[in-house]
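For reference, the structure is listed below as structure tokens.
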Amino acid sequence: MVDACSRSALVARQVVNALSTVCCFASRKHRERDKLKTLRGTRSARDSATELHWGVSAAEDEDDNGPGSGDEDVLTSLGASYRAWRVYHREKRAHDYTKSRLVAAIRREAGLVKLLARIGGTAEDVECTLMRLEDLEATVVALEEKYDGQVTREDLALELEALQAQCQVHSDRLYEANAAALHWKSQYQDVLSQLVASNLEKERLDGELRKVKKAAVLAMNRQYVQLDTNGASQLLLRTTRHYENESKKRSYSSDEIL
Numbered sequence: 001m002v003d004a005c006s007r008s009a010l011v012a013r014q015v016v017n018a019l020s021t022v023c024c025f026a027s028r029k030h031r032e033r034d035k036l037k038t039l040r041g042t043r044s045a046r047d048s049a050t051e052l053h054w055g056v057s058a059a060e061d062e063d064d065n066g067p068g069s070g071d072e073d074v075l076t077s078l079g080a081s082y083r084a085w086r087v088y089h090r091e092k093r094a095h096d097y098t099k100s101r102l103v104a105a106i107r108r109e110a111g112l113v114k115l116l117a118r119i120g121g122t123a124e125d126v127e128c129t130l131m132r133l134e135d136l137e138a139t140v141v142a143l144e145e146k147y148d149g150q151v152t153r154e155d156l157a158l159e160l161e162a163l164q165a166q167c168q169v170h171s172d173r174l175y176e177a178n179a180a181a182l183h184w185k186s187q188y189q190d191v192l193s194q195l196v197a198s199n200l201e202k203e204r205l206d207g208e209l210r211k212v213k214k215a216a217v218l219a220m221n222r223q224y225v226q227l228d229t230n231g232a233s234q235l236l237l238r239t240t241r242h243y244e245n246e247s248k249k250r251s252y253s254s255d256e257i258l
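Taken in order, the sequence shown gives residues 1 to 258; the numbers are from UniProt numbering.
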């Protein structure tokens with residue numbers, strides 16, 4: 001049983017090596033995935049072989065250094081045999097899995113060979129073609145990024161033009177508003193100057209009105225004295241009424257001027 005397990009481990013290692021060699025002709029994506037699984041299978045085979053070796057060594061040590069032989073070592077021998085049996089079946093499962101992977105890789109290799117024979121190339125040519133395809137994909141990605149950047153710049157340029165047009169419209173409106181403000185300011189200055197002149201004229205007319213009133217009062221006083229001395233009261237009454245009428249007319253005319 002130990003020899004069978006050792007042979008199985010050796011066959012598994014050979015199969016794994018053959019699988020690693022065959023997978024070199026596959027595509028890069030499949031090659032990375034197969035490499036990871038192959039490494040797992042190799043590690044599992046190595047661990048299984050180590051476990052088998054430890055189980056056999058432990059069984060031999062127990063047989064040599066145990067308290068006795070015969071029926072007393074039956075349980076120990078059964079435990080070692082059971083461990084060896086488990087290792088063997090684990091190794092057998094790993095061998096079957098590796099064998100199935102090897103068959104799939106061989107079929108893939110045959111398909112690739114047929115494809116190469118049909119297109120008239122070698123594995124190196126295919127690798128070069130794949131590398132060129134990857135370079136082209138990278139170039140396409142770079143061009144797409146450049147195109148996106150160009151589109152973004154064009155959009156920004158259009159937005160800038162729209163903002164400049166709006167700014168020009170606002171500038172025109174501001175210019176018109178400034179012109180209107182200057183016009184109304186000049187109108188205000190004209191009206192203000194007219195108002196100042198009107199106030200000056202009002203003050204002048206008020207002064208003349210006061211002078212006229214004073215002169216009228218003096219004249220009335222003189223006439224009153226003359227009438228008093230001459231005894232002509234009726235004439236004084238008519239003069240007073242005439243003066244009142246004149247003063248009323250002047251007051252009306254002054255109110256209209258104001």
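Glycine residues also receive a C-beta, built at the ideal position from the N, C-alpha and C atoms.
Three-state secondary structure (DSSP) of residue i
i, result
"residue 193", "helix"
"residue 55", "Residue confidence for residue 55 is low, a pLDDT of 46 falling below 50, so the modelled location carries little weight; the figure read from the coordinates is stated next. Residue 55: helix per DSSP, three-state reduction."
"residue 241", "helix"
Neighbourhood of residue i by C-beta, 7 Å cutoff - its chain only, sequence neighbours within 5 removed
i, result
"residue 143", "none"
Own chain residues within Cβ distance below 8 Å of residue i, not counting five before or after
i, result
"residue 247", "213 and 216"
"residue 178", "none"
Short CB-CB distance (under 9 Å) between residue i and chain D
i, result
"residue 141", "In the displayed structure, chain D is absent; only one protein chain is listed."
heavy atom of the ligand COA below 8 Å from residue i C-beta
i, result
"residue 166", "In the structure on display, the ligand COA does not appear, and there are no ligands present to speak of."
Cut-off 6 Å between Cβ atoms - residues of its own chain near residue i, not counting five sequence neighbours on either side
i, result
"residue 68", "Reliability fails at residue 68, whose pLDDT of 43 lies under 50, so the model's placement of it is uncertain and no value is given."
Query raised in the report: Any chance the segment 170-183 sits against the segment 209-216, with 3 or more Cβ pairs inside 8 Å?
Result: no
Requested in this report: Specify whether the segment 218-225 and the segment 238-245 touch according to this definition: at least 3 beta carbon pairs, one from each stretch, less than 8 Å apart.
Outcome: yes
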